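Numbering (my numbering), first residue to last: 12 to 103.
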């Protein structure tokens with residue numbers, strides 16, 4: 012469920028998280044061994060055959076964004092968050 016109103020002092024919806032040292036990056040990894048009943052994150056369970064395709068596509072997207080001029084003019088990310096599912100389900 013998405014909140015309709017932000018709490019005072021909280022970032023606007025869609026704002027890029029930024030720590031005291033620089034911007035952060037969030038990578039949503041949508042794979043789980045099983046879907047937990049309390050979890051509202053998008054995830055796929057029981058499809059380990061998709062993880063290799065996802066990892067390859069993620070690599071292509073990262074290289075594509077990194078090659079953009081406007082991306083090169085931004086400060087580097089100082090924090091990377093992996094979440095959404097179980098990141099360790101991706102191939103090394």
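Positions of the beta carbon are idealized from the N, C-alpha and C atoms, including for glycine.
Here the structure is a predicted model, which is why all the values come from computation and not from measurement.
- By the C-beta density criterion, residue 40 is buried, having at least 16 other C-beta atoms within 10 angstroms.
- Residue pairing from DSSP places residue 55 in a beta bridge opposite 42.
- For residue 62, the enclosing alpha helix (DSSP H) starts and ends at 62 to 78.
- When only Cα atoms are considered, residue 95 and residue 76 end up about 21 Å apart.
- In the three-state scheme derived from DSSP, where H, G and I count as helix and E and B as strand, residue 34 is classed as strand.
- Take the alpha-carbon of residue 88 and the one of residue 37: they are about 10 Å apart.
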